[in-house]
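Numbering of the sequence shown is given in this note's numbering, commencing with residue 14 and proceeding in unit increments. Scroll down for the structure; my scribbles are underneath it.
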Amino acid sequence: MASHQILLQRIYDSERLPGSRVLVDRLWPRGVKKEAASLDLWAKDATPSSALRVWYHSHPEEFRDFSARYLEELRANPKAAEFAEWCREKLKTEDVILLFATRRKENHIQVLKAWLEEKLSGAA
Numbered sequence: 014m015a016s017h018q019i020l021l022q023r024i025y026d027s028e029r030l031p032g033s034r035v036l037v038d039r040l041w042p043r044g045v046k047k048e049a050a051s052l053d054l055w056a057k058d059a060t061p062s063s064a065l066r067v068w069y070h071s072h073p074e075e076f077r078d079f080s081a082r083y084l085e086e087l088r089a090n091p092k093a094a095e096f097a098e099w100c101r102e103k104l105k106t107e108d109v110i111l112l113f114a115t116r117r118k119e120n121h122i123q124v125l126k127a128w129l130e131e132k133l134s135g136a137a
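This is the structure in structure tokens:
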């Protein structure tokens, strides 16, 4: 693989990192206009299920359990596998920027990024 990488950025940040911009939140971020977001993809099918997201929102201290449940969802989700392949193709020519809205330090973005990096490094 080339030297391109998966980067993380809050969608509200004014600085725009160069690369393919992917929103990885199930819900559209408040106050962001779709045109202004200039996304290449909205990968909501690779995000935690609504039930898991709601559960974690009410149990923020349970990040380890949330991470394990989310990894199970990712591994069983064909749409997540399709997203990983999309990332593989994009990373051949540019960085992939995973955009998210939350301010919470422990969130699904870290789990998704680690899963993608593992999946993309493990297969040719």
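Note that the Cβ used here is the ideal one computed from N, Cα and C, for glycine as well.
Proximity below 8 Å, CB of residue 96 to CB of residue 56 | Yes, the pair counts as a contact, with Cβ atoms nearer than the cut-off.
Cβ separation of residue 82 and residue 133, assumed to be a contact under 8 Å, to the nearest whole Å | About 22 Å separates the beta carbons of residue 82 and residue 133, which is beyond the 8 Å limit, so they are not a contact pair.
Own chain, CB closer than 7 Å to residue 60, minus 5 neighbours either side, in chain order = Scanning its chain for C-beta atoms nearer than 7 Å, with the 5 sequence neighbours on each side dropped, one finds around residue 60 the residues 37, 38, 39, 121, in chain order.
Can you tell me whether DSSP reads residue 24 as helix, strand or coil?
-> Coil.
Skipping 5 residues on each side, what residues in its chain have a beta carbon closer than 6 Å to that of residue 79?
-> Only residues of its own chain outside the window of five on either side were considered, and among them 69 have a CB closer than 6 Å to the CB of residue 79, listed in chain order.
Taking C-alpha atoms, which residue in 29, 87, 77 lies nearest to residue 125?
-> Nearest of 29, 87, 77 to residue 125, Cα basis: 87.
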